[in-house]
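Peer 1: Protein chains in written order, with the working numbering: chain A, -10 to 207; chain B, -10 to 207. Idealized CB from N, CA, C, for every residue including glycine.
Number of protein chains: 2
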Amino acid sequence: MLSSTVENYLKELFLLNPDGETQVATGELAKALSVTPGSATSMIKTLAQAGLVEHRPHYGVKLTNEGRTLAVHVVRRHRIVELFLVNILGMDWSEVHDEAEQLEHVVSDQVISKMDDLLGHPTHDPHGDPIPTPEGTLPVRSLQPLSFCKLGDTVSIARIGNQNTSFLKFAEDNGLLLGATIKVANKNEVADSITIISKGEEVVLGLAAAGRIEVEFA
Amino acid sequence: MLSSTVENYLKELFLLNPDGETQVATGELAKALSVTPGSATSMIKTLAQAGLVEHRPHYGVKLTNEGRTLAVHVVRRHRIVELFLVNILGMDWSEVHDEAEQLEHVVSDQVISKMDDLLGHPTHDPHGDPIPTPEGTLPVRSLQPLSFCKLGDTVSIARIGNQNTSFLKFAEDNGLLLGATIKVANKNEVADSITIISKGEEVVLGLAAAGRIEVEFA
DNA sequence: ACAATCCTTTTGATTAATCAAAAGTTTAAT
DNA sequence: ATTAAACTTTTGATTAATCAAAAGGATTGT
Ligand SMILES: [Mn+2]
Ligand SMILES: [Mn+2]
Ligand SMILES: [Mn+2]
Ligand SMILES: [Mn+2]
Chain A
-10 MLSSTVENYL KELFLLNPDG ETQVATGELA KALSVTPGSA TSMIKTLAQA
40 GLVEHRPHYG VKLTNEGRTL AVHVVRRHRI VELFLVNILG MDWSEVHDEA
90 EQLEHVVSDQ VISKMDDLLG HPTHDPHGDP IPTPEGTLPV RSLQPLSFCK
140 LGDTVSIARI GNQNTSFLKF AEDNGLLLGA TIKVANKNEV ADSITIISKG
190 EEVVLGLAAA GRIEVEFA
Chain B
-10 MLSSTVENYL KELFLLNPDG ETQVATGELA KALSVTPGSA TSMIKTLAQA
40 GLVEHRPHYG VKLTNEGRTL AVHVVRRHRI VELFLVNILG MDWSEVHDEA
90 EQLEHVVSDQ VISKMDDLLG HPTHDPHGDP IPTPEGTLPV RSLQPLSFCK
140 LGDTVSIARI GNQNTSFLKF AEDNGLLLGA TIKVANKNEV ADSITIISKG
190 EEVVLGLAAA GRIEVEFA
C-alpha cells in the first residue's frame, strides 16, 4: 500500500510532466507540494529505490512506467471524486479540489467504479480535466489558452487550469463556465489584458489569468 | 487537526464504553485497535496530555467530555458514510465497514451534511447502529440480544452488532436483514444454540452469534 | 579561468506511531 | 504472607516524513 504522501508525489510528478518527456526539477516538485527541496530529494531517492521514478541527480526526476501507472490512477480517483461531489452531492466546483485531495487516497477501486457508473462514465471532471480510464488512458483534446485568442475569436470554454477557490468563484460569477461561448472583444498585449464578452457582459482578464482558461473553437 | 490514529483511538474508546460509566482497560483498547498494549499506553498518555481522556494508571481510561464529543463526531461520519455507500452507491452492507473506517477521517463536515440531506436525515446506519446528530445526541432504542429470546418469541431484527464481512454475508443469505420478522423455534442452552424461522426457513445459530443480533418485539 | 549565483543534496534533528522485550503493579490463589 | 498469573507500563529501537542549515554541483557572466 502506498502512503498518501507517496501518492501525492507521484501525482504531482505526473501533473508537472504528463507526457514524461521533460525532467522535473527537484525544486519545482518541492514547490508544488509545499515541502522543502531537501524533503523532495529525500523522497525522490525513496521513490527511485522503489522503481517508481528515475532520478538523475542535479538534473531532475521522471516517472517510470510503473510510477506513471500509479500516478494516473490517483488522478482518476481525484477527478471522479470531484465530479461526484459536484454532480451528485451538489457541491460547488470551487470547493471540491481540496476535498478530492484527501479522498483520492482512501476511496477504493470499488467505490470509484460505483461512482463512475452513477455518473455515466464521464470523460472530464468539473474543471474540464480529462478522467483517465481504469486502464490508464487519457482522452486527448486540442485546446488553446484563451490568452492566445485573437480579437473577434468566438470560442467555448473547455478547461480551467487553476484549482484556486477564489479564481473558480470569480470565473463562475462571470459566466465563465465549461461550455460557455465567449467572444474576444479586445486584446492589449502591452496592457497585458484581454476583454471578452460573456453572457453579453464585458469581462477583463490579465493575460496570465486568461492563460489558465483553455478554449476550443466552437 | 486530529490524526486518523487519534480519531480511531477516541472512537474505539467510545464504542467500548458509550455511556462513559466504566473504565476501559489498556489491553482491551489495544486489542480492539490491533496494536500492542505498549502502543496503547503510549497513546493514552498523549490523549490524556491533550485533555481528551482521563487515565488512571493500571486501572483504565475514559473519555473526557471533550474527547467524547470528538469521538461521537467520528462515529457520525462513519455511519453516514456507511449508509451512503449502501443507499446511494449500491454497495453491500457487508462491504462498507472497512471503507467507512478510512473515509471517516477525511470527509469534511460539508460532505457529511450533503450526504445527510441526500439520505433524508437518517437515524440509523445499515447495521442498525444509531447515527449521532450534528450536535452529538444519539437516538436510543431498547433492544435485546436474540440470544435472550425465549421459545416462541416473535421479534424483528433491529441491529447487527458484528461488522465482520462474512458474518454479514451469512446473515443476508439467511434473510436476517434489518426489519425482518423472525420467530424462535428452538433454544437449547446446553447445546449453546438457537433456531429461528426466517422467511419460512429454519436457521440455527450459536448463542454467541445470536448475541450479536439485536431485536425488538414487533 | 573564476567567481557569483542558484540549485540540489547531505547532514543532523525532530515528531508521530509503532513494536519487542524488560520491568513493574495488581489481583487472585495457595 | 507468599507466590503466581495476568496485565500495564517503561525502555530502547525503528520507520516515515519532515525541516533548517551546511555542503556540494552546475551555470553564467566577466
Ligand atoms: Mn492528495
Ligand atoms: Mn479538477
Ligand atoms: Mn477509522
Ligand atoms: Mn455500521
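Using CA atoms only, rank isn't needed, just tell me which of A:81, A:54, A:47, A:96 is closest to residue 69 (chain A).
Peer 2: Position 80 of the first sequence, counted from the start, is the residue given in the question as residue 69 (chain A). Out of A:81, A:54, A:47, A:96, A:96 has the C-alpha closest to the C-alpha of residue 69 (chain A).
Peer 1: Taking DSSP as the reference, what is the three-state secondary structure of residue 179 (chain B)?
Peer 2: On the second sequence, residue 179 (chain B) is found 190 positions in, with the first residue counted as 1. If DSSP states are grouped into helix, strand and coil, residue 179 (chain B) belongs with coil.
Peer 1: For residue 203 (chain B) versus residue 135 (chain B), is the C-beta spacing smaller than 8 Å?
Peer 2: Translated into positions along the second sequence, residue 203 (chain B) becomes position 214. Translated into positions along the second sequence, residue 135 (chain B) becomes position 146. Their beta carbons are under 8 Å apart, which means residue 203 (chain B) touches residue 135 (chain B) by this criterion.
Peer 1: Quick check: is the beta carbon of residue 168 (chain A) nearer than 8 Å to any beta carbon in chain B?
Peer 2: What you label residue 168 (chain A) is simply residue 179 of the first sequence in a count that begins at 1. No, residue 168 (chain A) lies away from the interface with chain B (no Cβ there is under 8 Å from its Cβ).
Peer 1: Could you please give me the residues that DSSP links to residue 133 (chain B) through a beta bridge?
Peer 2: Locating residue 133 (chain B) in the second sequence gives position 144, counting from the first residue. According to DSSP, residue 133 (chain B) bridges with B:204.
Peer 1: Hey, how far is the Cα of residue 166 (chain B) from the Cα of residue 100 (chain A)?
Peer 2: Taking the first residue of the second sequence as 1, we reach residue 166 (chain B) at position 177. Taking the first residue of the first sequence as 1, we reach residue 100 (chain A) at position 111. Residue 166 (chain B) and residue 100 (chain A): Cα-Cα distance of roughly 23 Å.
Peer 1: How do the region 186 to 196 of chain A and the region 147 to 164 of chain A stand: do at least 3 beta-carbon pairs fall below 8 Å, yes or no?
Peer 2: Flag = yes, the region 186 to 196 of chain A and the region 147 to 164 of chain A touch.
Peer 1: Is it true that the CB of residue 1 (chain B) sits closer than 8 Å to the CB of residue 14 (chain B)?
Peer 2: Counting from one through the second sequence, the residue named residue 14 (chain B) turns up at place 25. Counting from one through the second sequence, the residue named residue 1 (chain B) turns up at place 12. For residue 14 (chain B) and residue 1 (chain B), no; Cβs fall outside 8 Å.
Peer 1: Let me check you understand the geometry: is the CB of residue 86 (chain A) closer than 7 Å to at least one non-hydrogen atom of ligand 2?
Peer 2: For this step, residue 86 (chain A) is matched to residue 97 along the first sequence. True, at least one ligand heavy atom lies under 7 Å from that Cβ.
Peer 1: What residue does the beta strand (DSSP E) around residue 191 (chain A) start on, and which one ends it?
Peer 2: For this step, residue 191 (chain A) is matched to residue 202 along the first sequence. Element bounds for residue 191 (chain A): 190 to 195.
Peer 1: On the criterion of 16 or more Cβ atoms from any shown chain inside 10 Å, does residue 46 (chain B) qualify as buried, or is it exposed?
Peer 2: Taking the first residue of the second sequence as position 1, residue 46 (chain B) is located at position 57. Classification of residue 46 (chain B): exposed, given that the 10 Å Cβ count is below 16.
Peer 1: Looking at chain A, is there any beta carbon in it that lies within less than 8 Å of the beta carbon of residue 109 (chain B)?
Peer 2: Along the second sequence, read from residue 1 onward, the residue named residue 109 (chain B) stands at position 120. Chain A contact via Cβ: absent.
Peer 1: Tell me the rounded alpha-carbon separation between residue 6 (chain B) and residue 56 (chain B).
Peer 2: Counting from one through the second sequence, the residue named residue 6 (chain B) turns up at place 17. Counting from one through the second sequence, the residue named residue 56 (chain B) turns up at place 67. Spanning the two alpha carbons is a distance of roughly 12 Å.
Peer 1: Rounded to whole angstroms, what is the Cα-Cα separation between residue 156 (chain A) and residue 198 (chain A)?
Peer 2: Position 167 of the first sequence, counting from 1, holds the residue named residue 156 (chain A). Position 209 of the first sequence, counting from 1, holds the residue named residue 198 (chain A). Cα-Cα distance, rounded: 9 Å.
Peer 1: List the residues of chain A that residue 226 (chain B) touches, going by C-beta distances under 7 Å, in chain order.
Peer 2: Outside the modelled stretch of chain B, which goes from -10 to 207, sits residue 226 (chain B), for which no answer is possible.
Peer 1: Hey, could you find the ends of the beta strand (DSSP E) residue 43 (chain B) is sitting in?
Peer 2: Position 54 of the second sequence, counting from 1, holds the residue named residue 43 (chain B). Run containing residue 43 (chain B): 42 to 45, per the beta strand (DSSP E) assignment.
Peer 1: Under a three-way DSSP split, which group does residue 26 (chain A) fall into?
Peer 2: One-based indexing of the first sequence puts residue 26 (chain A) at position 37. Of the three classes helix, strand and coil, the one that applies to residue 26 (chain A) here is helix, per DSSP.
Peer 1: Run through the region 113 to 171 of chain A for me and flag every whole beta strand (DSSP E) of 3 or more residues, listed as ranges in chain order.
Peer 2: Runs of the beta strand (DSSP E) inside the region 113 to 171 of chain A: 143 to 149.
Peer 1: Let me make sure I understand the geometry here. Which of B:200, B:50, B:28, B:67 has the alpha-carbon closest to that of residue 123 (chain B)?
Peer 2: Stepping through the second sequence from its first residue, residue 123 (chain B) is reached at position 134. Among B:200, B:50, B:28, B:67, the Cα nearest to that of residue 123 (chain B) is on B:67.
Peer 1: Do you know whose CA, among A:116, A:168, A:126, A:142, lies nearest residue 152 (chain A)'s CA?
Peer 2: To locate residue 152 (chain A), count along the first sequence from 1; it is residue 163. Comparing Cα-Cα distances from residue 152 (chain A) to each of A:116, A:168, A:126, A:142, the minimum goes to A:116.
Peer 1: Is it the case that the Cβ atoms of residue 71 (chain B) and residue 132 (chain B) are separated by a distance below 8 Å?
Peer 2: Your numbering for residue 71 (chain B) matches position 82 in the second sequence. Your numbering for residue 132 (chain B) matches position 143 in the second sequence. Their beta carbons are not under 8 Å apart, which means residue 71 (chain B) does not touch residue 132 (chain B) by this criterion.
Peer 1: Please indicate yes or no: does the CB of residue 91 (chain A) lie closer than 7 Å to some heavy atom of ligand 4?
Peer 2: Numbered from its first residue, the first sequence carries residue 91 (chain A) at position 102. Checking the Cβ of residue 91 (chain A) against ligand 4 gives no.
Peer 1: So, helix, strand or coil for residue 174 (chain B), using DSSP?
Peer 2: Here residue 174 (chain B) refers to the residue found at position 185 of the second sequence. In the structure shown, residue 174 (chain B) sits in a strand (DSSP, three-state: E or B).
Peer 1: For residue 187 (chain B), does the three-state DSSP call read helix, strand or coil?
Peer 2: For this step, residue 187 (chain B) is matched to residue 198 along the second sequence. Residue state, collapsed to three classes: strand.
Peer 1: For residue 171 (chain B) versus residue 146 (chain B), is the C-beta distance shorter than 8 Å?
Peer 2: Along the second sequence, read from residue 1 onward, the residue named residue 171 (chain B) stands at position 182. Along the second sequence, read from residue 1 onward, the residue named residue 146 (chain B) stands at position 157. Cβ atoms of residue 171 (chain B) and residue 146 (chain B): closer than 8 Å.
Peer 1: Please tell me whether, using a cut-off of 7 Å, the distance from the CB of residue 97 (chain A) to the nearest non-hydrogen atom of ligand 1 is below it.
Peer 2: In the first sequence, counting from the first residue as 1, residue 97 (chain A) sits at position 108. Every heavy atom of ligand 1 is 7 Å or more from the Cβ of residue 97 (chain A), so no.
Peer 1: Under the criterion of a Cβ to heavy atom distance below 7 Å, does residue 113 (chain A) qualify as lining ligand 3?
Peer 2: Against the first sequence, residue 113 (chain A) aligns to sequence position 124. For ligand 3, not one heavy atom lies less than 7 Å from the Cβ of residue 113 (chain A).
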